[in-house]
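Residue numbering for the sequence shown is 1 to 425, as defined by the UniProt record's numbering.
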Amino acid sequence: MTPNFDPSVLLPPKYEFQYAADNDLQPSTRSTPSDGGFKKCKVLANERVTAEDHFQDTRLISFDNSEEVLSYNPGDVLMVHPENPKETVDLALEILDYADEVLDREFRLIATDKNIQRPPSWLVGTTTTLRILFKRYFDLQMIPKRSFLKNLAQLTKVEMDKEKLLEFASAEGLDDYLDYCYRPRRTVAEFLRDFSGSVRNLPPERLFDLFASIRPRAFSIASCPRTHQGKVQILVGKVEYKVKRMKAIRRGLCSTFLARLNVEDTAFVKIRRGTFKWPSVDRPVLLVGPGTGVAPFRSILAFRGSEENAANSILFFGCRNLKKDFYFGEEWHKIPHCSVIMAFSRDDPEKKVYVQHKMAEKAKEVARIIEDNGCIYVAGSSGQMPEDVTDCIAQVAEKYGGVEDGKAFVERLEKIGRLQFETWS
1 MTPNFDPSVL
11 LPPKYEFQYA
21 ADNDLQPSTR
31 STPSDGGFKK
41 CKVLANERVT
51 AEDHFQDTRL
61 ISFDNSEEVL
71 SYNPGDVLMV
81 HPENPKETVD
91 LALEILDYAD
101 EVLDREFRLI
111 ATDKNIQRPP
121 SWLVGTTTTL
131 RILFKRYFDL
141 QMIPKRSFLK
151 NLAQLTKVEM
161 DKEKLLEFAS
171 AEGLDDYLDY
181 CYRPRRTVAE
191 FLRDFSGSVR
201 NLPPERLFDL
211 FASIRPRAFS
221 IASCPRTHQG
231 KVQILVGKVE
241 YKVKRMKAIR
251 RGLCSTFLAR
261 LNVEDTAFVK
271 IRRGTFKWPS
281 VDRPVLLVGP
291 GTGVAPFRSI
301 LAFRGSEENA
311 ANSILFFGCR
321 NLKKDFYFGE
331 EWHKIPHCSV
341 IMAFSRDDPE
351 KKVYVQHKMA
361 EKAKEVARII
371 EDNGCIYVAG
381 SSGQMPEDVT
391 DCIAQVAEKY
401 GGVEDGKAFV
411 ERLEKIGRLQ
421 FETWS
């Protein structure tokens, strides 16, 4: 248990609800203005780009940027603020058992401390409702943290629940907590179902003591402002998986939200500058982007392809099957100054082929990029792939570049910015 934690001491709520009579509210107070960098953008297209019989549902989603409210460069990132799935909201509201008049009554949030920030008005409105907060603000899909358990233990009047919650939250109960919450990826909404007696008709102002807020997610932009005018595109792999002890499929909050968007639907998005630092177009580049990691490279290759004096680019792209998940396969050969080398890991049942194998086959081309003062960029999963690619570069440098210590050479490339990574788990 956290030192100095006393489950019998209940702190004041973070917010007070200031309810207003209907005739006190102007229609404009229900709007959600676009500030804080987030813009409400319309969906132009939501296309599945993997085969229907492929296990992975990957989408190319296009947002309307015809008015150029989103200014971006190749390599930048689109931040997306998702909403909870309807079925998750319905589950939580069924358990909490608030009447419709409670869920839909408008109020203003008044912070009880000057250091507490109010939820952003662009997201929930100047005045809001509980129903809006459950849809857009409270993260109902996250795995409950132990702080959530301790806070609920302070609020519950069910003694048996309090004992169990405090046990989960204690150091001694860590294994039980991991077995019950973390390993099965149990969501907050599902957790509430198992402790329904403790949360039914919970004072609404106490909801902020329990639920964390939804955080925006980052996606590399797959479009180029010069060649994909009027739109911003992202490549999104829908996260879905099964775990033991849970019947319902586990789903990623943001990827599910995005995959379910229809044309004309809207989402709150904003641009964040990417981490890649690109060289001038007269320097060659080598790009390694398996899977959805290829997204930022589509952007930069389209840009370099529009420049007459661009040096050669080599893209190593990897996926499972030529006919199932070869992203942008019909585009690559059309890009000037660009060579694309593919690795399909499941097309040959006798041998799995990954990007590092293709790099080894094309070792002389890789060495030439390095020798010509080129830059290397790696994007994708943060698992084994980046390490394997790095080892391959080190071996190429030793064999064809006259380098004695390939590992030290690679570290030097990374230090001076000629080898850059953008990976995620």
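C-beta: ideal position from N, C-alpha, C; glycine also.
Query: Ile369 (DSSP reduced to helix, strand or coil); Result: helix
Query: 6 Å CB neighbourhood of Glu101 in its chain, flanking five on each side removed; Result: none
Query: For Trp332, three-class secondary structure by DSSP; Result: helix
Query: Backbone secondary structure at Gln56 - three-state DSSP; Result: coil
Query: Buried or exposed (CB count within 10 angstroms, at least 16 for buried), Glu16; Result: exposed
Query: Gln56 to Lys362 span [Cα, whole Å]; Result: 29 Å
Query: Burial state of Lys164, where buried means 16 or more other Cβ atoms lie within 10 Å; Result: buried
Query: Contacts around Gly37, its chain only, beta-carbon distance under 6 Å, and the 5 residues preceding and following it disregarded; Result: Lys270
Query: For Trp424, the residue or residues it bridges with in DSSP; Result: Ser381
Query: Secondary structure of Val281, DSSP reduced to three states; Result: coil
Query: Limits of the alpha helix (DSSP H) - the one that Glu94 falls within; Result: Lys86 to Leu96
Query: Proximity of Tyr137 and Val285 at Cβ, strictly below 8 Å; Result: no
Query: Residues bridged to residue 441 [DSSP beta-bridge criterion]; Result: Outside the shown range of the chain, which is 1 to 425, sits residue 441, and nothing can be said about it.
Query: Per-residue burial, Tyr241 [other beta carbons within 10 Å of its own, 16 or more giving buried]; Result: exposed
Query: Whether Ile314 touches Ser339 by CB criterion (8 Å); Result: yes
Query: Where the alpha helix (DSSP H) through Ile416 begins and ends; Result: First-last for Ile416: undefined, no H or E at that position.
Query: Those residues which DSSP pairs with Tyr19 across a bridge; Result: Phe107
Query: Distance between Ile416 and Ser66 (C-alpha atoms, nearest Å); Result: 38 Å
Query: Between the CA atoms of Ser306 and Asn84 - distance to the nearest angstrom; Result: 40 Å
Query: The alpha helix (DSSP H) enclosing Leu133, as first and last residue numbers; Result: Leu130 to Arg136
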